[in-house]
Structure formats: structure tokens, C-alpha cells
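Novice: The structure's right below; bear with me while I get my questions together.
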Amino acid sequence: MTAFNHTKTIVWGQIGMLGLLLLLLLCFSSGLDPFWVSLSFVLLVAYHLASTILLGSRPYRSPLQAWIHLGCYLLLCSFLLWATTRPDEESLFWFVSLLPIVMAASRLSLAGTTLVATVAGLAYFLLLPEGFIIASDFWVEFPEFVLICVTYLFVGLLVQTLSSEARNQLQRQQDLNRELSIQKNELSRTLAQLSTAEQQLRRRDRLAALGEMAAGIAHEIRNPLGIITSTAQLLQNRKQIGHNTEELLNIIREESTRLNKLINDFLAFGRDTHPNLQPCDLKELVARTADGFQQVTEQAGVTLRLNTPNTVTARADGDMLRQVLLNLLLNAVQACSPGQEITISLDQTPAKALLQVADTGHGIDPKLHDKIFNPFFTTRDKGTGLGLANAHKLIEAQGGELHFSSTPNRGSVFTISLPLEEHDDEPHPDR
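Position 129 of the sequence shown, counting from 1, maps to 129 under the UniProt record's numbering, and the rest follow consecutively.
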């Protein structure tokens with residue numbers, strides 16, 4: 001049930017209760033001024049319904065709001081008691097004062113509830129007709145007045161006790177729900193971490209087996225390939241070979257060179273990685289790598305920009321990291337058209353060094369994102385599909401991570417995260 005429907009149900013229930021009160025007024029209002037009776041009843045009903053709709057079951061925002069609201073409530077109830085009090089007889093509608101008492105009991109403390117009940121009893125006493133107070137049978141009727149005051153207190157204390165217990169139970173339930181929610185989130189994070197770790201282990205096992213197989217095949221191919229290349233070179237060195245024969249020999253040498261590069265990639269991918277982790281100045285490494293790569297970008301008509309304002313020192317293998325950075329830059333150049341840009345950025349978090357290579361090239365199809373680091377996956381005709389797989393492997397071997405994001409026709413961003421070098425107070429012996 002929604003909050004609106006709940007409030008609607010309460011309002012209709014209270015309208016029914018107030019209708020019963022109106023019926024009682026009509027039945028016992030003989031000898032009373034109908035104007036004051038009607039006015040007091042209308043004001044009390046309007047205020048009660050407005051309070052129910054506006055406040056509902058919500059607590060008061062401040063003590064001042066509580067006492068203003070309850071004071072107005074008691075004043076209107078007293079007005080109704082005054083309007084229904086005869087010169088020689090007390091009002092029969094003493095029970096209307098239970099409305100503010102119950103309201104106070106459901107929201108205030110025990111002391112506040114007792115105070116409201118006491119004020120309601122005092123107001124009822126002050127509104128007793130003067131003739132009733134000085135009558136000789138006052139002490140005969142006095143127990144009835146005491147019983148009404150005791151009823152005020154009893155109802156207030158009973159409702160306050162039940163409400164307090166309900167509030168405490170609700171608070172305990174909310175605390176339990178909050179704790180369960182925290183545990184659920186922690187469990188979800190743990191499961192996600194376990195799932196990621198499992199995927200990484202499976203990937204490493206597959207890559208290890210694939211690397212061994214690739215290295216074995218590469219070794220078997222390298223020897224006959226060397227013979228083919230050497231033979232082609234010898235034939236080219238001979239004199240009196242035809243033009244067509246020379247073209248064929250050039251093709252053999254070019255394809256042999258490409259195949260030899262592929263074999264080298266196979267061997268690099270299958271080789272066990274044992275990084276030599278040292279403090280590595282990433283700003284200096286980026287600058288040296290960019291200087292050596294500048295000619296490649298100029299030939300491709302691509303602009304290479306550096307965004308490395310601060311020095312960041314990571315714990316990494318500088319040679320491996322430079323190899324990965326060159327691979328990412330080469331991929332970025334191949335993804336760009338003349339006039340586009342490549343930006344190398346350097347940043348850090350409290351625990352990680354972040355190295356980004358961003359390009360404004362053609363981007364990568366979202367359908368291919370899950371395959372981008374798989375061995376032998378490539379979108380180029382002459383690509384080996386081992387560059388990014390090997391880069392991913394080298395970064396993981398250094399305790400880092402390699403991630404990417406890409407949008408078609410807007411470019412790609414590859415992010416390397418590596419552990420920061422911990423700075424001790426004392427100088428390190430090998431520095």
C-alpha cells in the first residue's frame with residue numbers, strides 16, 4: 001500500500017469516527033447554543049483532518065512545532081467542551097481531549113505525554129460549571145472528575161508505551177535492514193571480486209597453454225624459414241636472373257620477414273615474464289618513448305601530445321612498460337587518420353599510477369570489446385593479434401591492470417594502472 005493510500009484510509013476512518021461524534025452531539029445538544037456547538041465541532045474536525053493529512057505518522061520537526069500543534073489541539077478541544085457545557089452540568093464530551101493526548105503519546109516521550117494529559121485534565125476542571133463546583137454534592141461528583149483525569153493519564157501512558165515499543169521495534173528493524181544491506185553489498189563486492197579473479201585465473205591458464213604451444217610452433221618454423229630466407233638472398237645475389245624471378249624473390253623475402261616478425265611475437269607471447277620491478281619515473285619514460293616515436297606520428301600526419309605535468313613514480317619494469325607503451329602508440333597511429341590526435345596523460349590516485357593513451361581515431365565496435373585482449377584477435381588484415389594480448393600480459397605481470405574504453409568514430413582510451421612506489425623515510429640502499 002502506498003503512503004497516499006494509507007493516509008487516505010486513515011482519513012476516511014477518522015471521518016467515520018467524527019461523524020459518530022457529530023451524531024452524539026445532535027442527540028445530546030438540547031439546551032445548548034447550536035452556533036457555538038457547530039462552530040467548535042467544525043473547527044476541531046477541520047484541524048484534526050488537516051493535521052492527519054499534513055503530518056500523517058511523521059515525527060515533529062522540532063519541539064516548538066510539537067507544542068504549537070498540541071496547544072492548538074487542546075485549545076479547540078477545550079472550546080468544544082465549553083460549547084457543550086450546561087450551566088448546571090459538565091460536558092458529556094470529555095473524551096474529545098483524548099485526541100491530542102493520543103497524538104502526543106504517539107510522538108512524544110513519557111514526560112511530554114504526562115504533561116499533555118495533565119493539561120487536558122486541568123482544562124476539563126476549569127470548564128466545569130460554576131454551579132457544579134459550589135454545589136453541596138460536589139464531593140459526590142468529584143470521583144467522576146478524578147476518574148476522567150485518570151482515564152486521560154491511563155490512555156496517554158498506554159498509547160505512549162505501545163508507541164515507544166513500536167518505535168523501538170521499528171528502529172531495530174531499520175538498523176537490522178541497514179546492516180543486512182551493508183552485508184549484502186559487501187557480499188556482492190566479494191562475489192564480483194571472486195568472479196573477476198576466477199576469470200583472470202582461467203585467462204592466465206589459457207594464455208599459458210597457448211603461449212607454450214605458440215612457442216613450440218615458432219621454434220619449429222624458425223629453422224626452415226631461415227633456410228628459405230637465406231636461399232632467396234643467395235638467388236638474388238646471383239647474376240643473370242630474370243626480372244620476373246627477381247620480383248618473386250622479393251616477394252619471398254618480404255613474406256619471410258613478415259613471418260619472422262610473427263614468430264618473434266609468438267616467442268615473446270609464450271615467454272615467461274619475470275619483471276624486474278624498480279622505481280620507475282613515468283614522466284621521464286613517457287618523454288623518452290614519445291621522442292623516439294615522434295617520427296612515426298609525423299609520417300602518419302598524426303599529432304602526438306603529452307599531458308604529464310607532474311612526476312609520478314611507479315614500481316614497474318621500465319623496459320616492459322616501454323614495450324607496452326610503444327604497442328599502444330602504434331595501435332593508436334593505425335586507428336587515426338591524418339590530422340587526428342594522440343594524447344599521453346599521466347595521473348595518480350592515492351595507491352595507483354595511471355598512464356593513459358587516448359586517440360581520436362575510428363574507435364572500436366562495442367561488439368568487439370570483450371575480445372580485444374584475446375590472443376590472435378585483430379581487426380587489421382596483416383595484424384598478428386598478439387600485441388594487445390602481450391601488453392595485457394606484461395602489465396598484469398607487474399601487478400597492474402590494463403583497461404580501455406572506446407566509442408565508434410570518437411576514439412579509444414587505454415589506461416594502465418600500476419602500483420605507486422612507496423617512499424620510505426630512510427633512503428633505499430640501491431637508490
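Glycine included, each C-beta is placed from N, C-alpha and C at the ideal position.
Note that the coordinates shown come from a computational prediction; the quantities given were computed from them, not determined experimentally.
Classify glycine 318: buried if its beta carbon has 16 or more other beta carbons within 10 angstroms, exposed otherwise.
Specialist: buried
Novice: Lysine 352 lies in the alpha helix (DSSP H); which residues open and close that run?
Specialist: From DSSP, lysine 352 is part of no alpha helix (DSSP H) but of the beta strand (DSSP E) over 352-359.
Novice: With three or more beta-carbon pairs closer than 8 Å as the criterion, would you say the region 284-298 touches the region 397-411?
Specialist: Segments in contact, no.
Novice: Once the 5 residues before and after proline 279 are set aside, which same chain residues still bring their CB inside 6 Å of it?
Specialist: Thr313 and Glu421
Novice: Looking at the secondary structure, which residues open and close the alpha helix (DSSP H) in which isoleucine 395 lies?
Specialist: Residues 387-397.
Novice: Does the separation of the CB atoms of glycine 387 and asparagine 327 fall below 8 Å?
Specialist: yes
Novice: Could you check which residue in Met320, Ala232 and Leu234 has the C-alpha nearest to that of histidine 274?
Specialist: Met320
Novice: What does alanine 66 pair with, by DSSP beta-bridge criteria?
Specialist: Paired residue(s): none; alanine 66 is not in a bridge.
Novice: If you drop the 5 nearest sequence neighbours on each side, which residues of the same chain put their C-beta closer than 6 Å to that of isoleucine 148?
Specialist: Trp94
Novice: Determine the DSSP secondary structure at glutamine 173, reduced to helix, strand or coil.
Specialist: helix
Novice: For the beta strand (DSSP E) containing proline 279, list its first residue and its last residue.
Specialist: 278-281
Novice: Assuming contact is defined by CB atoms lying nearer than 8 Å, are alanine 104 and leucine 80 in contact in what I supplied?
Specialist: No. Outside cutoff.
Novice: If tyrosine 152 and glycine 121 are in contact, beta carbons under 8 Å, what's the gap, nearest whole angstrom?
Specialist: The C-beta distance from tyrosine 152 to glycine 121 rounds to 5 Å, short enough to meet the 8 Å contact threshold.
Novice: Would you kindly check if the distance between the Cβ of leucine 354 and the Cβ of threonine 415 is under 8 Å?
Specialist: It is a contact, given that the beta carbons lie within the stated cut-off.
Novice: Whose CA, out of Pro129, Ser106, Ser97 and Leu128, lies closest to the CA of threonine 118?
Specialist: Ser97
Novice: Three or more beta-carbon pairs under 8 Å between the region 328-348 and the region 369-378, yes or no?
Specialist: No, because fewer than three Cβ pairs between the region 328-348 and the region 369-378 fall closer than 8 Å, the two stretches do not touch.
Novice: Ends of the alpha helix (DSSP H) at isoleucine 53?
Specialist: 34-55
Novice: Which partner residues of threonine 343 appear in the DSSP bridge assignment?
Specialist: Arg305 and Ala358
Novice: Mapping DSSP to helix, strand and coil, what is phenylalanine 93?
Specialist: Residue state for phenylalanine 93 is assigned as coil, using DSSP reduced to three classes.
Novice: Is leucine 418 closer than 8 Å to alanine 316 when the C-beta atoms are compared?
Specialist: yes
Novice: Would you decide whether leucine 402 is buried or exposed? Buried here means 16 or more other CB atoms lie within 10 Å of its CB.
Specialist: buried
Novice: In the DSSP assignment, find the beta strand (DSSP E) that holds threonine 311 and state where it starts and stops.
Specialist: No beta strand (DSSP E) holds threonine 311; DSSP gives it neither H nor E.
Novice: Hey, how far is the Cα of phenylalanine 125 from the Cα of valine 116?
Specialist: 14 Å
Novice: Check the C-beta distance from alanine 83 over to valine 37 and give it rounded, since I have them as a contact under 8 Å.
Specialist: 5 Å
Novice: Using only CA atoms, which one of Ser78, Leu110, Val150 and Leu55 lies nearest to leucine 128?
Specialist: Ser78
Novice: Quick one: grab the DSSP three-state call for residue 432.
Specialist: In the structure as shown, the chain begins at 1 and stops at 431. Residue 432 is therefore absent and cannot be evaluated.
Novice: Do you know whose CA, among Asn244, Phe145, Leu249 and Thr161, lies nearest asparagine 237's CA?
Specialist: Leu249
Novice: For leucine 325, which of Cys336, Ile342 and Thr311 has the nearest alpha-carbon?
Specialist: Ile342
Novice: Bridge partners for histidine 402 per DSSP, in chain order?
Specialist: For the sequence presented, residue 402 should be read as leucine rather than histidine. Leucine 402 is bridged to Ile416.
Novice: Whose C-beta lies closer than 8 Å to the C-beta of serine 256 among residues of the same chain, with five residues either side of it excluded?
Specialist: Leu225, Ile228, Thr229 and Ala232
Novice: Starting from arginine 322 and walking both ways along the alpha helix (DSSP H), at which residues does that stretch end?
Specialist: 318-335
Novice: Anyone know if the C-beta pair for proline 375 and alanine 389 falls short of 8 Å?
Specialist: yes
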